[in-house]
Structures are given as C-alpha cells and as structure tokens.
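A quick write-up on the structure given underneath.
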Amino acid sequence: MISNLASVSSEAKIGTDVTVEAFTSIYEDVTIGDGCHIGPNVTIYPGTRIGNNCKIYPGAVIGAVPQDLKFGGEYTTVEIGNNTTIRECVTIHRGTTDKMKTSVGDNCLLMGYVHVAHDCTLGNNVILANYVGLSGHVTIDDYAIIEGKAAAQQFVHIGAHSFIAGASLIRKNVPPFVRAAREPLSYAGINAVGLRRRDFSDNDIKVIEDIYRILFIQNNNISNGLQCLETEMPDHRLKTLVIDFVKSSEKGIIRGLM
Numbered sequence: 001m002i003s004n005l006a007s008v009s010s011e012a013k014i015g016t017d018v019t020v021e022a023f024t025s026i027y028e029d030v031t032i033g034d035g036c037h038i039g040p041n042v043t044i045y046p047g048t049r050i051g052n053n054c055k056i057y058p059g060a061v062i063g064a065v066p067q068d069l070k071f072g073g074e075y076t077t078v079e080i081g082n083n084t085t086i087r088e089c090v091t092i093h094r095g096t097t098d099k100m101k102t103s104v105g106d107n108c109l110l111m112g113y114v115h116v117a118h119d120c121t122l123g124n125n126v127i128l129a130n131y132v133g134l135s136g137h138v139t140i141d142d143y144a145i146i147e148g149k150a151a152a153q154q155f156v157h158i159g160a161h162s163f164i165a166g167a168s169l170i171r172k173n174v175p176p177f178v179r180a181a182r183e184p185l186s187y188a189g190i191n192a193v194g195l196r197r198r199d200f201s202d203n204d205i206k207v208i209e210d211i212y213r214i215l216f217i218q219n220n221n222i223s224n225g226l227q228c229l230e231t232e233m234p235d236h237r238l239k240t241l242v243i244d245f246v247k248s249s250e251k252g253i254i255r256g257l258m
C-alpha cells in the first residue's frame, strides 16, 4: 500500500506487498524488494537498492551523495540486503570511486541516528546501536556489534563476532571474536557470550581464548605474539583466520590488555 501523500517516482521499482507511508519520497532509479515497510518522512535517493522484508523508520535518508569533497558526481549506489531494519533518522550515503557502493548486508539492525558514510561495507547480522558514526571506507564483518555513540575512523576494519563498548573511539582495526573497550580502545577479553549464542563449540571458544592469550597477554608486542602463534600453537582454522586478519591490518590493531 502506497499512501496518496507519498511521492514515489514512476521510474522506481517497487516490489509486491510494500507499504510506503505518508510524506515519504522515493526517487527514480530506486529498487525496493518485496514485503518492505517504509515509514513516514523517509527519503530514498537515486541509486538505492533495498532487498526484501526490510523495515525503514521515520526520518531515515538513504542514498544521498557522499560528504566527500573528492566526489565528482560519479554513478554510485547504496545496496541493502534482506530483512534489515533501519531505525529513525539513520543516514546511509552512496559510494565513491573507491568501492562505487556503500553496502549493508542481511539481517542487520541500524538503530536511531546511525550514520553510515560512503564506501562502508557491513556484513550480515551486524548491529549498530544508537548514534554510532562510521566514517568512509569502514568494513564491518558478520555478527559484529557496536554499542551506542561509538565512532569509527576512516578505513578501519572490524572483525566478525566482535563487540565494541559504547562511546568508543575506533582508530585501529578490531580483530574477530574479541570485546574491545577503554580509551584508547583495547582488548578486553573474547566475546564468549556472543560466540555461545551463535553456537560456537566449547572447544572453539577455548581455541580463541588461547589465541588471544598468546597474542595480547603473554607477549608485549604484536610481532612477538604473531611469531608465537605461528610457531607454538597447533594449526587451526580459527588461528589462521586471526593471523590473516592481523597481518592484513595496515592501520594496525587495537592494543592488548592494559
């Protein structure tokens, strides 16, 4: 059902069983999947692609041009997966020539006033609590959770199944499976509660604990920790995943337990 008080371009592609409430504007070159509910006073700009069964709440603005002075009007997009909820006054901007798109995966929850800047890539099942701000080019892997009022610097990478405390300033990459807190942002243990909720086995959780005990607690710098991981710990897929993440982190990773 599309309200008579909504403005929907004839060039937008709207799926079946979609609700668009009053005073919402949907521009041309927008695709909205089946079963979506678009609340009142939402603005969806050209280049936006929204999957099925998404819910978008009042005041959200999706697909606006990026706040990047290098942006030259190139054709870029915002792509949002299925079953994602976008709460009040969330803003998601189009990409630039870096990735040509800003993307949000399936089953994500973006709470009120979240900002997702140009060229960010969010995986599936990501939760961003109220007022989280992502600068451009941030990557967040599956099942990561960021508590409210946290802010991420450009180009940081946040690993899968990680948990970042509220009001954190995220200046370095955050490895997978960890909890991060304090200022400057530091390792605060592994995200054991989240891992159990996602059916990680007790053995896998013990392996993750051992990995970060070597990396962050038993060694006084990351280089030593990596060397010990590679030479002293038996091979394991989780060990490989963490080592690859750390080695690819050109910005560096958060510091160890303080």
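For the sequence shown, this note's numbering gives the first residue as 1, with consecutive numbering after it. Yeah, the Cβ is synthetic: ideal placement off N, Cα and C, and Gly gets one too.
Suppose the cutoff is 7 Å on Cβ atoms and the five residues either side in sequence are ignored; what does the same chain contact list for Glu-209 look like? Cβ neighbours of Glu-209 beyond the five flanking positions: Ile-190.
For Ile-217, does the three-state DSSP call read helix, strand or coil? In the structure shown, Ile-217 sits in a helix (DSSP, three-state: H, G or I).
As assigned by DSSP and simplified to three states, the class of Arg-196: In the structure shown, the three-state DSSP call for Arg-196 is helix.
Nearest candidate by alpha-carbon position, reference Leu-109, set Ala-167, Ile-145 and Glu-230: Restricting attention to Ala-167, Ile-145 and Glu-230, the CA atom closest to the CA of Leu-109 is found in Ile-145.
Taking the alpha-carbon positions, what's the Gly-72 to Val-65 distance? A direct Cα-to-Cα measurement between Gly-72 and Val-65 gives close to 10 Å.
Whole-Å CB distance - Asn-82 paired with Asn-52, under 8 Å assumed: Asn-52 and Asn-82 do touch by the CB rule: their CB atoms are close to 5 Å apart, below 8 Å.
Pull up the distance between the alpha-carbon of Leu-69 and that of Met-111, whole angstroms please. The straight-line gap from Cα to Cα measures roughly 27 Å.
Strand pairing of Lys-8, partner residues [DSSP]: Looking at the sequence itself, residue 8 is Val, so the reference to Lys does not match. Paired residues: Ile-26.
Please report the residue range of the alpha helix (DSSP H) in which Ile-243 lies. Membership of Ile-243 in the alpha helix (DSSP H) is indicated by the continuous run 237–247.
Anticipated Cβ contact below 8 Å, Arg-94 with Thr-102, distance rounded: Correct: roughly 6 Å between the Cβ atoms.
Measuring CA to CA, which of Gly-47, Pro-176 and Ser-10 is closest to Tyr-143? Residue nearest to Tyr-143 within the set Gly-47, Pro-176 and Ser-10 is Pro-176 (criterion: CA-CA distance).
Lys-13 in three-state terms, based on DSSP: Judged by DSSP in its simplified three-state form, Lys-13 adopts strand.
Excluding sequence positions up to five away, which residues of its chain have a Cβ less than 6 Å from the Cβ of Ala-129? Apart from the 5 residues on each side of it in sequence, Ala-129 sits with its Cβ closer than 6 Å to the Cβ of Met-111, Glu-147 and Gly-148 in its chain, given in chain order.
Pick out the complete alpha helix (DSSP H) segments inside the stretch 145–216, 4 residues or longer, and give them in chain order. Runs of alpha helix (DSSP H) with 4 or more residues, each lying fully within the stretch 145–216, are found at 192–197 and 202–212, listed in chain order.
Please classify Thr-96 as buried or exposed, where buried requires at least 16 neighbouring CB atoms within 10 angstroms. Taking every protein chain shown into account, the CB of Thr-96 has 16 or more other CB atoms within 10 angstroms, so this residue is buried.
Within the same chain, show all residues whose beta-carbon is closer than 7 Å to that of Val-242, passing over the 5 residues directly before and after it, in chain order. If we look at Val-242 and ignore the five residues flanking it on each side, its Cβ neighbours are Pro-175, Pro-176 and Ile-211.
Give the range of the beta strand (DSSP E) segment to which Thr-76 is assigned. Counting along the chain, Thr-76 sits inside no beta strand (DSSP E), nor does DSSP assign it H or E at all.
What are the partner residues of Thr-84, as DSSP defines its beta bridges? DSSP output for Thr-84 lists no bridge partner at all.
What number of angstroms, rounded off, separates the C-alpha of Gly-123 from the C-alpha of Ala-180? Rounded to whole angstroms, the separation of the alpha carbons of Ala-180 and Gly-123 is 19 Å.
Residue range of the alpha helix (DSSP H) that includes Thr-231: Counting along the chain, the alpha helix (DSSP H) containing Thr-231 begins and ends at 222–232.
Just to check my reading of the structure: Val-126 and Gly-105 have Cβ atoms closer than 8 Å, yes? What is that Cβ distance to the nearest angstrom? About 7 Å separates the two Cβ atoms, so the contact holds.
Compute the Euclidean distance between the alpha carbons of Pro-46 and Val-132, then round it to the nearest angstrom. Approximately 24 Å, taken between the alpha carbons.
Would you please state the rounded distance, in angstroms, between the beta carbons of Ile-38 and Val-20? I believe it to be under 8 Å. Taking the Cβ atoms as the reference, Ile-38 lies roughly 5 Å from Val-20, within the contact range of under 8 Å.
CB-CB under 6 Å to Gly-252, same chain, minus the five flanking residues each way: which ones, in chain order? Result list for Gly-252: Lys-172, in chain order.
Short Cβ contact (9 Å threshold) for Ala-6 with Thr-31: No; because the gap between Cβ atoms is not below 9 Å, this pair is not in contact.
Can you give the beta carbon distance from Ile-140 to Ala-150, rounded, assuming they're within the 8 Å contact cut? Going by Cβ atoms, the distance from Ile-140 to Ala-150 rounds to 11 Å, so no, they are not a contact pair.
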